[in-house]
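Enquirer:
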Amino acid sequence: MTANKRYFRRLSGYYAWFCVCFAGFLLALTVLEKEGMPRLWIGHLFMFATIVLYATIGVVSRTSNVTEYYVAGRRVPALFNGMATAADWISAASFISLAGGLYLYGFDALAYIMGWTGGYCLVALLIAPYLRKFGQYTIPDYLAARYGGGAGGRGGPVRALAVGATIIVSFVYVVAQIYAVGLIASRFTGVDFSVGIFLGLASILVCSFLGGMRGITWTQVAQYIIILVAFLIPTMWLSAKHADNPLPQVAYGSVLPKLAQREAQLAADPREEAVRAQFRRQADDYAARLAALPGSWEGGRLEAQRRLDAARLRNASLGDVRNAERALAAYPKTVDDAEALWRAQRARLLTRAQPPQPHAAPFPGATEAESNARRNNFLALVFCLMFGTAALPHILMRSYTTPSVHAARGSVFWTLFFILLIYLSIPALAVLAKYDIYTSLVGSDFRSLPTWISYWANVDKVNPLISITDINGDGLVQLAEIAIDGDVLVLATSEIGGLPYVISGLVAAGGLAAALSTADGLLLAISNALSHDVYYKIVDPGASTQKRVTISKLLLLAVAFIAAYAASQKPADILSLVGAAFSLAASTLFAPLVLGVFWKRANHAGAIAGMIAGFLTCLYYMLRTNPILGGRMDAAWFDIAPMSAGIFGVPVGIAAVVIASLLTAPPSRASDGMVDYIRAPE
Amino acid sequence: MPPESTPQESEQRRQRRLLAERALHWRRTRRLTAILLGLWLVTGFCTVYFARELAQITIFGWPLSFYMAAQGASLVCLAIIGFYAWRMRQLDAAYAQALEHSA
Numbered sequence: 031m032t033a034n035k036r037y038f039r040r041l042s043g044y045y046a047w048f049c050v051c052f053a054g055f056l057l058a059l060t061v062l063e064k065e066g067m068p069r070l071w072i073g074h075l076f077m078f079a080t081i082v083l084y085a086t087i088g089v090v091s092r093t094s095n096v097t098e099y100y101v102a103g104r105r106v107p108a109l110f111n112g113m114a115t116a117a118d119w120i121s122a123a124s125f126i127s128l129a130g131g132l133y134l135y136g137f138d139a140l141a142y143i144m145g146w147t148g149g150y151c152l153v154a155l156l157i158a159p160y161l162r163k164f165g166q167y168t169i170p171d172y173l174a175a176r177y178g179g180g181a182g183g184r185g186g187p188v189r190a191l192a193v194g195a196t197i198i199v200s201f202v203y204v205v206a207q208i209y210a211v212g213l214i215a216s217r218f219t220g221v222d223f224s225v226g227i228f229l230g231l232a233s234i235l236v237c238s239f240l241g242g243m244r245g246i247t248w249t250q251v252a253q254y255i256i257i258l259v260a261f262l263i264p265t266m267w268l269s270a271k272h273a274d275n276p277l278p279q280v281a282y283g284s285v286l287p288k289l290a291q292r293e294a295q296l297a298a299d300p301r302e303e304a305v306r307a308q309f310r311r312q313a314d315d316y317a318a319r320l321a322a323l324p325g326s327w328e329g330g331r332l333e334a335q336r337r338l339d340a341a342r343l344r345n346a347s348l349g350d351v352r353n354a355e356r357a358l359a360a361y362p363k364t365v366d367d368a369e370a371l372w373r374a375q376r377a378r379l380l381t382r383a384q385p386p387q388p389h390a391a392p393f394p395g396a397t398e399a400e401s402n403a404r405r406n407n408f409l410a411l412v413f414c415l416m417f418g419t420a421a422l423p424h425i426l427m428r429s430y431t432t433p434s435v436h437a438a439r440g441s442v443f444w445t446l447f448f449i450l451l452i453y454l455s456i457p458a459l460a461v462l463a464k465y466d467i468y469t470s471l472v473g474s475d476f477r478s479l480p481t482w483i484s485y486w487a488n489v490d491k492v493n494p495l496i497s498i499t500d501i502n503g504d505g506l507v508q509l510a511e512i513a514i515d516g517d518v519l520v521l522a523t524s525e526i527g528g529l530p531y532v533i534s535g536l537v538a539a540g541g542l543a544a545a546l547s548t549a550d551g552l553l554l555a556i557s558n559a560l561s562h563d564v565y566y567k568i569v570d571p572g573a574s575t576q577k578r579v580t581i582s583k584l585l586l587l588a589v590a591f592i593a594a595y596a597a598s599q600k601p602a603d604i605l606s607l608v609g610a611a612f613s614l615a616a617s618t619l620f621a622p623l624v625l626g627v628f629w630k631r632a633n634h635a636g637a638i639a640g641m642i643a644g645f646l647t648c649l650y651y652m653l654r655t656n657p658i659l660g661g662r663m664d665a666a667w668f669d670i671a672p673m674s675a676g677i678f679g680v681p682v683g684i685a686a687v688v689i690a691s692l693l694t695a696p697p698s699r700a701s702d703g704m705v706d707y708i709r710a711p712e
Numbered sequence: 362m363p364p365e366s367t368p369q370e371s372e373q374r375r376q377r378r379l380l381a382e383r384a385l386h387w388r389r390t391r392r393l394t395a396i397l398l399g400l401w402l403v404t405g406f407c408t409v410y411f412a413r414e415l416a417q418i419t420i421f422g423w424p425l426s427f428y429m430a431a432q433g434a435s436l437v438c439l440a441i442i443g444f445y446a447w448r449m450r451q452l453d454a455a456y457a458q459a460l461e462h463s464a
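Line order of the protein sequences matches chains S and X. Using my numbering, the first residue of the first sequence is number 31, and each one after it goes up by one. Using my numbering, the first residue of the second sequence is number 362, and each one after it goes up by one.
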């Protein structure tokens with residue numbers, strides 16, 4: 031006990047030093063910026079300094095011991111384990127996109143806040159302490175030991191299925207993280223997107239390759255501190271500015287009524303209405319063209335060709351000819367392309383023609399049925415995110431790294447505590463930034479737009495993060511004239527609030543830390559599943575410990591490169607599939623994990639049936655309804671969105687475990703004994 | 362019945378005692394888990410299902426449903442997990458003590 035305490039004190043000392051150095055670094059950069067250091071340098075310095083920091087921690091905690099490599103020696107104190115898990119949990123999506131989502135969708139986006147925090151109740155009460163008591167290395171380990179079966183009763187088939195689920199879920203997720211690393215690096219340092227990806231990859235690899243779980247745990251603690259500071263400084267600043275109270279979580283309650291008032295004002299403003307009417311007219315134009323297909327496609331193509339010819343004939347300026355050429359080249363190639371493109375354009379215009387929806391109003395809808403559908407979707411999404419959280423292998427894996435079952439319970443508490451420090455301020459940031467934009471940007475003169483707008487509008491030329499055009503030509507900014515991508519909100523908060531550029535660099539470093547820490551954990555989950563579960567447990571059970579760690583490191587390298595390659599292809603669709611990862615994880619793994627502890631009668635056949643039935647139900651529903659995967663929303667059951675397929679997958683998975691278990695012979699006495707063992711206190 | 366039990370018998374009694382204590386501990390754990398999960402379910406479900414009705418009530422500027430979804434439900438979860446960890450520590454201690462007494 032005293033050894034543990036000494037260890038805890040020593041760790042606290044290290045991280046206290048780290049905080050002091052970090053504060054010093056920030057101060058130094060602030061001074062340097064005042065002295066006129068260029069922006070780009072600050073961006074570079076932040077990138078470079080943080081990546082060197084992570085690499086150093088990785089090198090310091092390098093290891094080739096199996097227990098250290100897989101579960102950090104099982105001696106990470108609850109507080110630090112909670113911090114590391116929180117960093118593991120807060121992905122690029124939470125750090126960068128969630129506040130933007132709240133800004134854009136208001137109450138609806140709170141489903142993420144509720145789902146991503148509520149799931150920890152399930153982790154703490156149903157899974158974590160039992161996994162710790164079991165005390166092996168991976169999630170498939172536990173399932174295979176509990177359910178047995180297969181050749182020699184070693185649980186081969188269950189293990190293989192669990193490994194499959196782990197890999198599918200984690201891979202989709204890790205590609206999205208690496209994609210985010212590429213985006214942040216390219217936006218802040220001006221390097222190419224693919225170069226950004228490989229820079230990030232290098233730092234991921236140094237710490238997880240050398241140190242395994244031990245390396246990433248200590249890196250993630252440092253990353254959590256950076257994430258926290260990066261998120262809180264700009265939010266507190268905005269809060270002090272608009273609510274005279276630097277505690278955003280408490281203060282934004284007073285801003286909400288002011289925001290609601292402003293929204294009502296803008297919804298009734300005649301100038302706003304004029305801009306919206308213009309969007310409606312453009313949308314009607316597309317509707318007319320869609321109705322006249324295929325004739326309108328032919329006509330449009332001829333028109334574009336005629337314009338090009340005319341420009342050439344009258345010897346128009348080179349620029350005009352280029353524009354006409356470009357318009358012709360961009361014209362849809364087939365009638366089907368035209369239909370898809372015009373439909374999308376029309377939908378986009380119609381959304382922009384909508385008056386602003388009240389931020390805090392739950393489930394607004396024209397009819398009762400529409401409103402109910404939104405409520406049901408909210409419930410379904412919360413359900414999937416909660417159960418998905420309780421089935422994500424890279425989070426559950428963390429239960430193994432604590433010194434005792436008590437510490438495992440405490441660790442989940444600290445995890446949620448540290449997550450909430452950030453998650454409770456995300457809705458605050460969204461409300462404060464929205465109020466700022468609605469009051470100071472809307473209504474201002476086009477000639478005096480703040481500089482951050484032109485900066486962020488030019489960062490990504492293809493899909494501008496923010497664009498403001500004077501649509502009704504009155505020289506004033508209307509709300510309807512602002513097209514904003516949610517991601518810009520966090521990245522530009524410090525500039526919106528008028529803070530120095532150092533804080534922008536800090537925010538970027540925070541976003542990078544969020545993406546890297548999650549990617550670390552996921553890569554380790556995948557490579558452990560491959561090396562420990564596939565190689566050691568199935569292919570070569572006689573492998574020496576040295577060989578196991580080496581194989582694991584090589585696999586980590588391979589998986590990292592495959593993931594980076596996948597991310598460098600810029601798969602736009604994969605980002606939307608991340609939400610699907612939660613549904614898949616919940617449908618496949620939740621039932622066998624929980625019933626394994628709480629229902630002794632669950633057996634090998636039940637586990638296999640549950641995993642397969644849950645996975646297939648979830649997949650079937652997504653294929654049926656997700657337009658990206660070739661489905662149609664018309665085919666949806668109860669109007670549930672494809673992302674929330676887990677609401678069908680989880681019950682089917684549980685039912686399949688129960689039915690298949692009851693139809694087959696009860697599990698062996700060994701499995702009974704194991705359940706008794708993991709239920710018993712230490 | 363002889364006043365001195367054989368080592369075998371005392372071993373058996375110890376085993377029975379251990380099993381009984383384990384069963385008691387597990388019953389208590391299960392009850393605690395069920396109660397706390399019920400609380401979790403009610404908080405989450407009511408927050409969403411009755412959000413439109415709760416939006417009429419305002420506390421410190423927040424409509425109640427917005428506050429619950431943004432902070433309240435998550436804080437309740439944190440409290441549930443904290444209480445569970447504390448209570449389980451007590452139950453584990455009670456179990457260890459009961460075994461010591463019997464030994």
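Using N, Cα and C, we set each Cβ at its ideal position, and we do this for glycine too.
#1: Is it true that the CB of G241 of chain S sits closer than 8 Å to the CB of I208 of chain S?
#2: Given that a residue counts as buried once 16 or more other Cβ atoms are within 10 Å of its Cβ, and exposed if not, what is Y598 of chain S?
#3: Under a three-way DSSP split, which group does P276 of chain S fall into?
#4: Could you pull the DSSP bridge partners for D570 of chain S from this structure?
#5: Taking CB distances under 8 Å as the criterion, tell me whether L425 of chain X reaches chain S.
#6: R404 of chain S CB to nearest chain X CB: under 8 Å?
#7: Going along chain S in order, which residues have a C-beta closer than 9 Å to the C-beta of H386 of chain X?
#8: With three or more C-beta pairs closer than 8 Å as the rule, is the region 197-211 of chain S touching the region 549-567 of chain S?
#9: Quick one: using the 10 Å Cβ neighbour count with 16 as the cut-off for buried, is S371 of chain X buried or exposed?
#10: Measuring only the C-alpha atoms, how far is V188 of chain S from E525 of chain S?
#11: Suppose you measure from the CA of T247 of chain S to the CA of Q432 of chain X; what does that come to, to the nearest Å?
#12: Residues in the same chain with beta-carbon distance under 7 Å from V717 of chain S, minus the five sequence neighbours each way, listed in chain order, please.
#13: In whole angstroms, give me the CA-to-CA distance for L277 of chain S and S269 of chain S.
#14: Quick check on A513 of chain S: does DSSP put it in helix, strand or coil?
#15: Return the residues of the region 418-443 of chain X that lie within a Cβ-Cβ distance of less than 7 Å from chain S, sorted by chain order.
#16: Return the CA-CA distance between I677 of chain S and T60 of chain S, expressed in angstroms with no decimal places.
#17: Suppose contacts are defined by Cβ-Cβ distances below 8 Å. Is P672 of chain S in contact with T655 of chain S by that definition?
#18: Quick test of the definition: if touching needs 3 or more C-beta pairs under 8 Å, does the region 83-103 of chain S touch the region 508-523 of chain S?
#19: Taking CB distances under 8 Å as the criterion, tell me whether R439 of chain S reaches chain X.
#20: Assess contact between the region 424-435 of chain S and the region 93-113 of chain S, defined as three or more Cβ pairs (one per stretch) separated by less than 8 Å. Is contact present?
#21: Could you tell me the boundaries of the alpha helix (DSSP H) in which I498 of chain S lies?
#22: Three-state secondary structure (DSSP) at I670 of chain S?
#23: Looking at C-beta atoms only, is the number of pairs between the region 408-421 of chain S and the region 333-341 of chain S that lie closer than 8 Å three or more?
#24: Of all the CB atoms in chain S, is at least one closer than 8 Å to the CB of T394 of chain X?
#25: Check whether the Cβ atoms of V285 of chain S and V520 of chain S lie closer than 8 Å to each other.
#26: Would you give the residue range spanned by the alpha helix (DSSP H) that G679 of chain S belongs to?
#27: Going along the chain, which residues of its own chain have a beta-carbon closer than 8 Å to the beta-carbon of N406 of chain S, five neighbours each way excluded?
#28: Compute the distance between the beta-carbons of R319 of chain S and W372 of chain S, then report whether it is under 8 Å.
#29: Using a beta-carbon distance below 8 Å, is R450 of chain X in contact with chain S?
#30: If contacts are defined as beta-carbon pairs under 8 Å, then A590 of chain S and L235 of chain S qualify, I think. What distance do you get, rounded to the angstrom?
#31: Does the Cβ of C49 of chain S have 16 or more other Cβ atoms within 10 Å, making it buried, or fewer, making it exposed?
#32: CB-CB under 7 Å to T766 of chain S, same chain, minus the five flanking residues each way: which ones, in chain order?
#33: Can you tell me the Cα-Cα spacing of R631 of chain S and D702 of chain S, whole angstroms?
#34: Considering Cα atoms alone, identify which of S:W444, S:E63, S:A458 is closest to Y254 of chain S.
#35: Which partner residues of L506 of chain S appear in the DSSP bridge assignment?
#36: Apart from the five residues just before and just after M416 of chain S, which ones in its own chain have a Cβ nearer than 6 Å to its Cβ?
Expert: In short, the structure shows the following:
#1: No, the pair does not count as a contact, with Cβ atoms beyond the cut-off.
#2: The residue you asked about is not Tyr; residue 598 of chain S is Ser in the sequence shown. With 16 or more Cβ atoms within 10 Å of its Cβ, S598 of chain S is classed as buried.
#3: In the structure shown, P276 of chain S sits in coil (DSSP, three-state: anything other than H, G, I, E or B).
#4: Paired residues: none, contrary to the question.
#5: Cβ-Cβ to chain S under 8 Å: no for L425 of chain X.
#6: With 8 Å as the cut-off, R404 of chain S does not count as an interface residue toward chain X.
#7: The contacting residues are R709, A710, P711.
#8: Because the criterion of three Cβ pairs below 8 Å is met, the region 549-567 of chain S and the region 197-211 of chain S touch.
#9: Note on S371 of chain X: under 16 other CB atoms within 10 angstroms of its CB, so exposed under the neighbour-count rule.
#10: Their Cα atoms are separated by approximately 52 Å.
#11: Roughly 28 Å between the two C-alpha positions.
#12: The question about residue 717 of chain S has no answer, for chain S in this structure spans 31 to 712.
#13: Their backbone Cα atoms lie some 7 Å apart in a straight line.
#14: Look at A513 of chain S here: in three-state DSSP terms it is strand.
#15: Residues of the region 418-443 of chain X that bring their beta carbon within less than 7 Å of a beta carbon in chain S comprise F421, G422, W423, P424, S426, F427, A430, A431, Q432, A434, S435, C438, L439, I441, I442, G443, in sequence order.
#16: In a straight line, the C-alpha of I677 of chain S is about 49 Å away from that of T60 of chain S.
#17: Against a cut-off of 8 Å, the Cβ pair of T655 of chain S and P672 of chain S comes out as a contact.
#18: Judged by Cβ distances under 8 Å, the region 83-103 of chain S makes no contact with the region 508-523 of chain S, as fewer than three pairs qualify.
#19: Interface residue, yes.
#20: Contact between the region 424-435 of chain S and the region 93-113 of chain S is present, because at least three Cβ pairs lie under 8 Å.
#21: It is not in any alpha helix (DSSP H) - I498 of chain S instead sits in the beta strand (DSSP E) that spans 496-498.
#22: Here I670 of chain S carries a coil assignment [DSSP, helix/strand/coil].
#23: Using a Cβ-Cβ distance cut-off of 8 Å, the region 408-421 of chain S and the region 333-341 of chain S are not in contact, since fewer than three pairs of beta carbons, one from each stretch, lie closer than that value.
#24: It does: the Cβ of T394 of chain X has a partner Cβ on chain S nearer than 8 Å.
#25: No. Outside cutoff.
#26: G679 of chain S -> alpha helix (DSSP H) spans 676-693.
#27: Cβ within range, chain order: F668, D669, I670.
#28: For R319 of chain S and W372 of chain S, yes; Cβs fall inside 8 Å.
#29: At least one chain S Cβ lies under 8 Å of R450 of chain X.
#30: Contact flag correct, Cβ pair sits at about 6 Å.
#31: Exposed, because fewer than 16 other Cβ atoms sit within 10 Å of the Cβ of C49 of chain S.
#32: The structure shown does not extend to residue 766 of chain S, since chain S is modelled only from 31 to 712, so the question has no answer here.
#33: In a straight line, the C-alpha of R631 of chain S is about 9 Å away from that of D702 of chain S.
#34: For Y254 of chain S, the nearest C-alpha among the options comes from S:W444.
#35: In the DSSP assignment, the residues bridged to L506 of chain S are S:D475.
#36: Excluding sequence neighbours, M416 of chain S sits near G145, G148, G149.
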